[in-house]
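Have a look at the structure below before the remarks.
Chains as they are written, first to last, in our numbering: chain A, 54 to 471; chain B, 54 to 471; chain C, 54 to 471; chain D, 54 to 471.
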């Protein structure tokens, strides 16, 4: 496990217990107002029910910490070991991903009891925990924060999939007008990429290493809905020469003609579905819920390209950056405004042009924790920055998110480079 | 609509109101003990969630009676007209069948409120209802009874699909030993088939008509588990010459080697899943959850055949018949024992050799109610008799149930003929 | 095998040899003008390449006659036993049906050599053949005639599937104007159905048996293109209430809006593809290449229905009947014109309302020949009469052809009843 | 187009005509001995028929040179423009890829006539051709060489897919014993990658650019069959922890347990299918027909990894390298033996760890030729080196071949790095 955490710190035990409680409570907090039925929907195989997220994050602590290190720990229900395993092959079999919506049992109250059982046991051993346990708890908390975002993302899709979607909310505030887009010039040369070792990072952010970049230009902010609408109106979804071959096949097969969750109003404008209902597409907000295929086609149509993940990271690390956190604001109630490159963090994940592969010298963790990241390094693209549903403490410049190029139910947008 | 009900009776208004209340309450009664989550599972596209059955049966009364005849009736929620339409094309579109499990909303309490709203409105107009309304209420009640059986059948499949299946119950009583199977000889000649016109019947049971039958022999009772096990042990599932071509393709593709819900015990015997848990396969009980393909192959292996629906009906009408109602007994708490042909009613539906087609002179009802039966007359086989989850008052000798030949999640068995 | 042939005749050995040679030559004759490439196309899994038909019909004689009865017979190539088995499970495995188009080897000349090898061996043993051999040769010849029709039917589909379709032929003669459609009244009562035992018949045409029919009316001729066009123009393909449920699903999924092989001309009229090219849809010709779903919907739209197979047979046997043999005329160069019910034979196969099931008392032949007919008695409908590509000597009033309800690449049309 | 060819040379007109004739003749030469039927097989959607390759390469010259530049050129058949378009969307529609095996027409002789027609017209204009035409001819010849390899690769798969596979050849010579594998150390630092501009290169090999590499070690030769067998025997195909997640899904779904074309002998050894028949797997030959998933899993099992494309190229350019050209030797009759890194060229394509993306500053060619390479830059991995069926003059150190990670019908192997 040591290789997963770049620099473990053994002195933060008290704050770890406090953070454990806070983060675990946050997860439950974002399910407030949802019925047990809402929390059971699996609207597509890629998405998971809310209840499953609640249980799986608990399973992580039970399986990787309480079972090996919790002296005399008695599992809440031995069958959960199999039931809430997501994909760890070395732990044995797991249910087919697409059947998570069939689990009426355990019930939601039972899952909450499971959470309490594990939380109590974990807090008990945390007081006198050895180094390895602390590291694993830290990892488990970051794992839980990932699932907080996934939970919100999957829930949005679940509510949208129901013919009885939430009613429109009229209280939504408008986004402020975007600043004009400027190009930021960045010099070429040798840059340092990857996590430097202070604080937590996933194994895939290491080792830190040098890369040689050409000089490049990167946009001062993300592409807006208004800009993306020009692409739509110019026939962008009907012109094969703008698309990757796989992208065009997807557009044709799926009948895409706008980002996910958009639909035309009667007056010719566009609505978009948000978790609380629907609202008019605001021209100043960053475009969201586009796939890599769409991001790439848009950039080609503009005569630009997507930045590589290295270009994005160099920009984010070296420049004063801020986020405006427009749509959802679950984790970002006070949008930061500032100079510099806007929206590097916390509005939308931006697709980079970089396939998700290992950094030079990367070695996954030993044992089953090695299945966390490395085994997905194929047919995925790196996303950077974090979105409005990413917990703020979970965002950092070296963070590497990844999804396949057709995915668009995540909060994904783009930024141009040249 | 007049053609749907063979002989409407305008004098039973009081009893109709009482029966309406009874049958509606029965439906809710059989969902007792189930959580809202249990009632939302759709384990395969052919099956529907319990909550959907509760809503759809209500939709039937609202759409076909309250909307056209309920003076000033205000729909509970206008969107339900679309949402809980099962397949009536003339009523406009309906959600894809396979997405019924995504409907976290309306919630279960909302569906119960919907039921109460419709029940009250319907009872109010029933007092002074015209003939056509009475007929439609009668039809709606039989429709509801059909869904009581489907609800129990689908629920069994839902609970079985969950890795956390109900725990075995140890209280189950054994079936009594079966009588020896005898052949009943029936003379050939002209027989009368179909509903004679007293009491309710569906349109597909009419018109009553004459058929010319060859002399035949029919078994005195259904095929038992013990008899079916001989077929399994003789390699029945591995011998293509015993099967219809489509049947063999299904066996091969699905890997069938026993009835649905059966699994081998460690001691070489067999368990079967029942709604309350699992129990040993009892040799004396009628075999259940076999497809037409399996029923047909078994009969061929025995050197016999399945009866036609006419042969079955002639036997059931003319001979003293009884049911033993073994497994579930929801609707049949006191198994009737008697002479004559056992198990004609209320144990398992028996597959007949008859494809489901129209009787000579059949005309479906005018308007959307004509979509009730006739449009399914293709690629289905007729089943007769009713099962242990068929409401007793819903069973009659002329009743024609129908399913495609591969279906086996219904309570379906077989009886031999020669 | 005895049960397959209703009444074998042991005295026609000389004519059998002559007929054998004639029928085998006819098969090769209808492939004249086709390249080896044309003869290798498999345009869909349901259709087979011409070369495969040439080989499979030969395999039938080799497998069922020469191997068991050809004393000292040496197979042309032992691997062909597996290679050209169509579906006889008792003979072991066979290649997946959809891969027949991959068999570049054996080459066409090798298949012709295979035919010559088998023909010579078979003629040699025919001189002193025992009864069983004669019966099997007879069966093999009828099997070959079936494949002559399938070959032409599949070839039409293959040529149509090629973007370079044959050029239009301008020499096609028009059909004569159809007579007005009249209704023929037929009395009810007990009728005799099935093959009486003189001459060859397949096992599924026996045993002859009595049926009780209601009085009915049947059209004097098949439905014409002009009549079917009225259905199209009345929105027949867009009105779900006219269709069986499975039929409507098929129409929606496949985008059907006319019979197979039809396409609209620029002037709003319709072309149809025929094997030699394409020609204008002629209003007087019987409509062809419609599925059972379309035939059934058309009849419903007309306020009529399809005849049962018994009704059709009673009409064909008792009334003077004739065919006009319009489109293709491969086997019917001189269209017979006459009084009585036209087109009972040799224009298009007509869909009946009868699912394909066993006659009362039917027993399939023992051994692998029992796989010929009986195992397909599920999810198929009976067709009667024979088409313009059915060899004339292969047509008889009791013949039961069968296809699933969505099939329409066969030469299939319809006739109304009431 | 200018950007496609890094450095066009206008002075080699005579040799271009000669090379044109040679390369065009080579294509036809490798189809000798194949029947028209062999040349029509499409054994899977990814593979194309031989006849299609013959026509499509001709279509390239006709469409991109003769139509725009061949003054007064009359197309051989205007329908071919659509028919033999592979994927160029800007040229309009094209037939579905999976239907190429249905084209019995045009016949093989017609395709040969098409080739002659285009060859004559092209040679005629070549004498006084402008610069752009010369560049496009050069591109067309490299395109044709690519298809020579694809033709041989697809043909192997087609012959293997036929139950009547070619008989084993006994004349095959054994490979010589491999040298022991050594690690070659390469220094880190800044290296130059990409085509320098002399001679032909595809657009995706440019622009030449600097990269910063870490020090690395690379194997002196490819992984052999003997080495790969150790992986198989160690349960490599049954251990999920060795595989990428998508790889394991593929192994499970496809039932892979060895490279493509391998099958176990009765004595426990292994056969492999080669185009002329089958032969024993030779321990000293490089393993071939493995997917990226298998190459990656093998490397992980060995405690090593695959080289990046940059590492491979740096090794190939700077070190004395040679190929041994083991299996097929169509284009490499005299295997070169030498010191240095063996098998860099001409034995098997080696999978690199590099996803196929654009080089920094890459711009695809303008117009439809821009569809040649760039639009496939997604979900593919780079392969380097060329195989025994790659034309020798088509091999160069900067060449970037690419296939998706599950593909294994190409001649693909691997080399280890650390």
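Virtual Cβ for every residue (Gly too), placed ideally from N, Cα, C.
No experiment lies behind these values; they were computed from the predicted model shown.
Under the Cβ criterion of 7 Å, residue 319 of chain A is not counted among the residues facing chain D.
Its Cα nearest to that of residue 132 of chain C, the residue D/219 stands out among D/219, D/441, D/157.
Put simply, of B/450, B/299, B/461 the residue whose alpha carbon is nearest the alpha carbon of residue 253 of chain B is B/450. In the structure shown, residue 421 of chain C adopts helical secondary structure according to DSSP, grouped into three states. Straight-line measurement puts the Cα of residue 78 of chain C at about 11 Å from the Cα of residue 165 of chain C.
The C-beta of residue 97 of chain C comes no closer than 7 Å to any C-beta of chain D. Flagged as an interface residue toward chain D: residue 215 of chain C, by a C-beta distance shorter than 7 Å.
Here the alpha carbons of residue 293 of chain D and residue 417 of chain A stand approximately 15 Å from one another. By the C-beta criterion, the stretch 234 to 243 of chain C is judged not to be in contact with the stretch 423 to 439 of chain C, since fewer than 3 inter-stretch pairs fall below 8 Å.
Distance from residue 465 of chain A to residue 402 of chain A at the Cβ level is roughly 5 Å; contact confirmed, criterion being Cβ atoms closer than 8 Å.
Taking a 10 Å sphere around the C-beta of residue 458 of chain C, we find 16 or more other C-beta atoms and assign the residue as buried.
The beta-bridge partner set that DSSP reports for residue 410 of chain A is empty. Beta-bridge pairing by DSSP links residue 333 of chain A to A/324. According to DSSP, residue 266 of chain A shares a beta bridge with A/242. In chain order, 157, 158 make up the part of chain A whose C-beta sits under 8 Å from the C-beta of residue 91 of chain B. Beyond the five residues adjoining it in sequence on each side, residue 194 of chain B comes within less than 6 Å, by CB distance, of 76 in the same chain, given in chain order. By a beta-carbon distance limit of 8 Å, residue 295 of chain C contacts residue 289 of chain C. Their separation comes to about 6 Å. A direct Cα-to-Cα measurement between residue 303 of chain A and residue 349 of chain A gives close to 13 Å. Exposure of residue 127 of chain D is indicated by the presence of fewer than 16 other C-beta atoms within 10 angstroms of its C-beta. Considering only A/137, A/282, A/145, the residue with the shortest C-alpha distance to residue 152 of chain A is A/137. Using a Cβ-Cβ cut-off of 7 Å, residue 111 of chain C does not count as an interface residue toward chain D, since no Cβ of chain D sits closer than that to its own. Between residue 114 of chain C and the set C/102, C/129, C/104, the nearest pair of CA atoms involves C/129. Annotation: residue 411 of chain B to residue 259 of chain B spans about 9 Å, alpha carbon to alpha carbon. In the pairwise beta carbon analysis, the stretch 104 to 111 of chain A is classified as touching the stretch 200 to 211 of chain A: at least three pairs are separated by under 8 Å.
Residue 461 of chain D is not a Cβ neighbour of residue 362 of chain D, given a cutoff of 7 Å.
For residue 436 of chain A, the secondary structure class from DSSP, reduced to helix, strand or coil, is strand. Under a criterion of Cβ atoms nearer than 9 Å, the residues of chain A adjacent to residue 429 of chain D are, in order, 297, 298, 299.
Taking 7 Å as the cut-off, the Cβ atoms of residue 369 of chain D and residue 397 of chain D count as close. Counted as a single uninterrupted DSSP element, the alpha helix (DSSP H) harbouring residue 173 of chain C occupies residues 161 to 179.
Under the Cβ criterion of 7 Å, residue 203 of chain A is not counted among the residues facing chain D. In this structure, C/405 is the residue among C/268, C/262, C/405 with its C-alpha nearest to the C-alpha of residue 454 of chain C.
Between residue 471 of chain A and residue 357 of chain A, the C-beta spacing is below 7 Å. In the structure shown, residue 403 of chain C falls within a strand segment according to DSSP collapsed to helix, strand and coil. Beta-bridge pairing by DSSP links residue 339 of chain B to B/277.
Counting only Cβ-Cβ distances below 8 Å, residue 148 of chain D has contacts in chain C at 216, in chain order.
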